[in-house]
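In this note's numbering, the protein residues as written are 107 to 425.
Backbone N, C-alpha and C fix where the C-beta goes; we use that ideal spot for every residue, glycine too.
Given the structure is predicted, the values throughout are model-derived calculations rather than measurements.
Scroll down for the structure; my scribbles are underneath it.
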């Protein structure tokens, strides 16, 4: 941000005399802040937008939700034996219901509740529980205290490590080289694992966490390790040839990295091989502008030479 900081901007925003003003758009109507009640935690809105932007893509590889602070529950879980009009009357209950509707953490818990355990592993939320209660929206004097609470919470939160590993692992993705072919009654898939981020930096970060790091297809070890040896010294891109078999192109498989006793799936997995073939247009390779020549490797003679040499040496695994 030029000429200021996010903290400074938040101070200016919170000191406005009119909070959450509506806006009138000619021809459309009057609108209010999306955070008012319905989209206070816009997770469903974000997933809906992602599906419209990338309709052919599977679920997000990693989903990170950033909270703005939650109040530690003050209500006792024990049911009172006596009816208290001040606490259990209709007016207090309406007030608590409206107040809880603005709590983004509740939306997050409801969302995770309808997901299976494996899918939950790719969804992360960072939120701060404030024991003393949430400050007023126009209280700018609490910024330093909130910043200190966030920093203290960061040092003890394992979720950050898991989210970072997921982001690093899903920077690797799989590409088919050719359309799968039948071999001894099974479909043979020949392709490569690549990296959309600066591979050397990604691998060095993962090296600090654990070694070795091996590629798996489902529960089968492909016999391939993640190392910087597969980074081209000329163009600095990662390229690891890989070969494996599937029973059918519609079978769902998962390519993953395993280290430290944990599995971290690559981008776009679990998925079907048919999906990769369709996304790459391998069914219609002849007649395309480049006849499906690998454009990501084009223009790098060292990569082309190394790729040919690797195929001759069968550096990939046959699984």
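With the rule of 3 Cβ pairs closer than 8 Å, the stretch 316-330 does not count as touching the stretch 279-290. The three-state reading of DSSP puts residue 371 in strand, counting E and B together. If the five residues before and after residue 274 are omitted, its C-beta is found closer than 7 Å to the C-beta atoms of 308, 311 and 312, all from its own chain and listed in chain order.
Selection 344, 160 and 367 evaluated against residue 322 yields 367 as nearest (Cα-Cα).
For residue 215, no beta strand (DSSP E) encloses it; the enclosing alpha helix (DSSP H) starts and ends at 210-219. The shortest CA-to-CA distance from residue 168 to any of 382, 335, 231 and 254 is the one to 231. Judged by DSSP in its simplified three-state form, residue 130 adopts strand.
With 16 or more other Cβ atoms from the protein chains shown falling within 10 Å of its own Cβ, residue 370 counts as buried.
For residue 277, no beta strand (DSSP E) segment is defined, and its DSSP state is neither H nor E.
Beta-bridge annotation (DSSP): residue 344 is paired with 337.
In this chain, residue 172 is not harboured by any alpha helix (DSSP H); it is covered by the beta strand (DSSP E) spanning 169-172. Contact between residue 166 and residue 156 holds: CB atoms are separated by about 6 Å, below the 8 Å threshold. About 15 Å separates the Cβ atoms of residue 406 and residue 301, ruling out a contact at the 8 Å cut-off. The residue from 324, 325, 326 and 347 with its alpha-carbon nearest to that of residue 335 is 347. For residue 301, the uninterrupted beta strand (DSSP E) segment begins and ends at 292-301.
Counting along the chain, the unbroken beta strand (DSSP E) around residue 364 starts and ends at 361-365. Annotated three-state conformation of residue 385 is helix, per DSSP. Ranked by Cα distance from residue 283, the options 162, 152 and 383 are led by 383.
Counting along the chain, residue 306 sits inside no beta strand (DSSP E); it lies in the alpha helix (DSSP H) bounded by residues 305-313. Residue 362 places its beta carbon 8 Å or farther from that of residue 279.
Note: residue 284 is not bridge-paired with any residue in the DSSP secondary-structure output. Scanning 234, 344 and 272 for the CA closest to the CA of residue 175 turns up 234. Within the model, the alpha-carbon separation for residue 259 versus residue 253 is close to 10 Å.
The beta carbon of residue 408 sits closer than 8 Å to those of 338, 339, 340 and 341, all from its chain and outside the five residues before and after it, given in chain order.
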